[in-house]
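Undergrad:
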Amino acid sequence: MYNSHSDIWFAGAFAAITVDFIVYPFDTLKTRIQSPNYERVFKDARTGAIRRNVLYKGLYQGVWSVVFSTIPSSGAFFTTYEAVKCTLHSSSTHSQDSNPEYYEGSRIVIPLPFTHSLPVPVIHGIASSAGEMVSCLMLTPAEVIKQNAQMIDRQASGSNIAPVRQVLWKFKGRPWKLWSGYTALVGRNLPMTGLQFPLFEYLRSRILDWRRGRRDVKGKGEEVKEQLIERAGVTGMSAGMAGTVASLVTTPIDVVKTRVMLSASSESSQGQAGGKAKKGALAVGREIFVKEGVRGLFKGGAIRAGWTAIAVSLYLSMYEGGRFFLENRRKQIEGVGGAEEGDAVM
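By UniProt numbering, the letter at position 177 of the sequence shown is numbered 177, and the numbering carries on one by one without gaps.
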């Protein structure tokens, strides 16, 4: 790996912002389907038919809150992920079998004072979890604003005020409530990334090994441009498969997270009135199971799996391609050999 902090930050932020704009409408639909008010707001009370003019309206409501938080949060995730992963790899008893240039070229490795024999999937799981916990600190307020903005029916309310401004107005007296969903967000994202990244790394390494085997038979490697396209393609394929599995498994946690965040604005606007104690994630999950059964815990699962596969595939392939491009450009400027296809960059 031969990337600087700025390479990692720029590649991660650019990929995240681009993907946010592409998949945001699907995220809005998922939030509305998972909402406890879905039947009342988005279905006709007499016929039970979906009110498409309401469900599919304003699909980009709240998008800017996510875009502005994506730049620091995605950069923080990948910087932390790379730092922890490289540190754990370099301190592993198996590191002698790895390519030493991976560690020497990196500028973010901090050696540990001890060695360990953790399996590679565990290292990737720890690294992704550490990155997620840092990222979620920046993401939580934006997630709360976004999901509450996605639920506002501007036609019914008769207000011309932007949904994000309406949500912020509710929190002006108690701004700390914007972080009320941190535990639920971490509770969803840790299992998601802890499952997704080790699976992604495994699938990608297997595909790259297979590709290298075929290339050894056929002859010399491809040019840098072809390597970039191929690496981004392999990353996208691996990420899409891993993201689909991880999103399906963690859908119940996502439903609970959505309910907790949607309740934050009502609690904030009501203040202390009513004296109702705030429900925790476990209490919310139990309530969903009792009232709606297992089906309620998997609401929006299909649409979430679909857009997650697309989003993660685009996100990581763009990130990988961006880093590969910046890595080769940096090496050319500094007079170092170009990156090989099999070099680890995630």
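In this text, a Cβ means the ideal position worked out from N, Cα and C, and glycines have one as well. Just so you know, these numbers come straight off a predicted model, no measurement behind them.
In whole angstroms, what separates the C-alpha of GLU104 from that of ALA302?
TA: Model confidence at GLU104 stands at a pLDDT of 42, short of 50, so the residue's coordinates are unreliable and nothing is read from them.
Undergrad: If we call anything under 9 Å between Cβ atoms a contact, is GLN164 one with GLY62?
TA: A small fix is needed here, since residue 164 is Val in this sequence, not Gln. Yes; because the gap between Cβ atoms is below 9 Å, this pair is in contact.
Undergrad: Around the C-beta of VAL294, are 16 or more other C-beta atoms found within 10 angstroms, so that it is buried, or is it exposed?
TA: Result: exposed.
Undergrad: With distances taken between CB atoms, is the gap from ALA15 to GLU82 smaller than 9 Å?
TA: No, the Cβ-Cβ distance between ALA15 and GLU82 is not below 9 Å.
Undergrad: Here's a check: name, in chain order, each residue in its chain whose Cβ is nearer than 6 Å to the Cβ of LEU139, leaving out the five neighbours to either side.
TA: Result list for LEU139: SER69, SER73, in chain order.
Undergrad: Would you report the Cα separation of ASN160 and VAL41, rounded to the nearest angstrom?
TA: Approximately 19 Å between the Cα atoms of the pair.
Undergrad: If you reduce the DSSP assignment to three classes, tell me which class SER74 lands in.
TA: Here SER74 sits in helix by DSSP.
Undergrad: If you scan the UniProt repeat "Solcar" (230-325) from start to end, which runs of the alpha helix (DSSP H) of 4 or more residues do you find wholly inside it?
TA: Qualifying alpha helix (DSSP H) stretches, in chain order: 251-270, 281-297.
Undergrad: For SER6, which three-state DSSP category applies?
TA: Looking at SER6 - three-state DSSP - the assignment turns out to be helix.
Undergrad: Leaving out five residues on either side along the sequence, give the residues of the same chain with a beta carbon under 8 Å from the beta carbon of PRO25.
TA: Around PRO25: LEU59, TYR60.
Undergrad: From ALA344 to ARG51, what distance separates their C-alpha atoms?
TA: No answer about ALA344 holds up, because its pLDDT of 45 lies below 50 and its placement is not dependable.
Undergrad: ASN99 by DSSP, collapsed to three states: which one?
TA: Because the pLDDT at ASN99 is just 45, under 50, the model does not fix this residue reliably, and the value given afterwards should be weighed accordingly. Here ASN99 sits in coil by DSSP.
Undergrad: Just the C-alpha distance for LEU282 and GLU334, rounded to the nearest angstrom, thanks.
TA: Whole-angstrom Cα-Cα distance: 54 Å.
Undergrad: Is it buried or exposed, GLN332, if we count other Cβ atoms within 10 angstroms and call 16 or more buried?
TA: Exposed, since its Cβ has fewer than 16 Cβ neighbours within 10 Å.
Undergrad: With three or more C-beta pairs closer than 8 Å as the rule, is the stretch 231-246 touching the stretch 286-300?
TA: Result no; under three Cβ-Cβ pairs closer than 8 Å.
Undergrad: Over the uninterrupted alpha helix (DSSP H) stretch that includes THR140, give me the two end residues.
TA: THR140 -> alpha helix (DSSP H) spans 120-150.
Undergrad: What span of residues does the alpha helix (DSSP H) with PRO163 cover, start to end?
TA: Here the alpha helix (DSSP H) through PRO163 covers 163-171.
Undergrad: Could you check whether the stretch 243-255 touches the stretch 182-201, counting it as contact only if at least three pairs of C-beta atoms, one from each stretch, sit closer than 8 Å?
TA: Verdict: yes, contact present.
Undergrad: If I measure Cβ to Cβ from TYR182 and keep anything under 8 Å in the same chain, skipping five residues before and after, which residues do I get?
TA: Closer than 8 Å at the Cβ level, and outside the excluded window around TYR182, lie CYS136, LEU137, THR140.
Undergrad: State the DSSP-derived secondary structure class of SER92, mapped to helix, strand or coil.
TA: Reduced to three states, the DSSP call for SER92 is strand.
Undergrad: Which two residues bound the contiguous alpha helix (DSSP H) that contains PHE114?
TA: Note, PHE114: premise wrong, no alpha helix (DSSP H); not H, not E.
Undergrad: Is it a yes or a no for the stretch 112-126 touching the stretch 169-183, going by three-plus beta-carbon pairs under 8 Å?
TA: No, they do not touch.
Undergrad: Could you give the C-beta distance for PHE78 and GLY131, rounded to a whole number, given that I count them as a contact under 8 Å?
TA: Contact holds; Cβ gap of about 7 Å.
Undergrad: Is ALA15 helix, strand or coil when you go by DSSP?
TA: If DSSP states are grouped into helix, strand and coil, ALA15 belongs with the helices.
Undergrad: Tell me the DSSP secondary structure of LYS43 in three-state form.
TA: Residue state, collapsed to three classes: strand.
Undergrad: Considering only the alpha carbon of each residue, which of ALA149, ARG206, ARG174 lies closest to ALA162?
TA: The candidate whose alpha carbon is nearest that of ALA162 is ALA149.
Undergrad: In terms of residues, what are the limits of the alpha helix (DSSP H) holding LEU55?
TA: That run of the alpha helix (DSSP H) goes 52-55.
Undergrad: Assuming VAL312 and GLY243 make a contact with CB atoms under 8 Å, what is their CB distance in whole Å?
TA: Correct: roughly 3 Å between the Cβ atoms.
Undergrad: Can you list, in chain order, the residues of its chain with a C-beta nearer than 6 Å to that of PRO121? Leave out the 5 residues immediately preceding and following it.
TA: If we look at PRO121 and ignore the five residues flanking it on each side, its Cβ neighbours are PRO198.
Undergrad: Just verifying my parser: in three-state terms, what is the DSSP assignment at GLY187?
TA: If DSSP states are grouped into helix, strand and coil, GLY187 belongs with the helices.
Undergrad: Could you give the DSSP three-state label for LEU195: helix, strand or coil?
TA: Correct three-state label for LEU195: helix.
Undergrad: With the cut-off set at 9 Å, would you say GLY322 and ALA11 are in Cβ contact?
TA: Yes, these two residues count as a Cβ contact at 9 Å.
Undergrad: For GLU327 and LEU203, I'd like the C-alpha separation in whole angstroms.
TA: Near 23 Å, if we compare the C-alpha coordinates of LEU203 and GLU327.
Undergrad: From PRO119, THR258, LEU29, pick the residue whose C-alpha is nearest to that of SER91; which is it?
TA: Answer by Cα proximity: PRO119.
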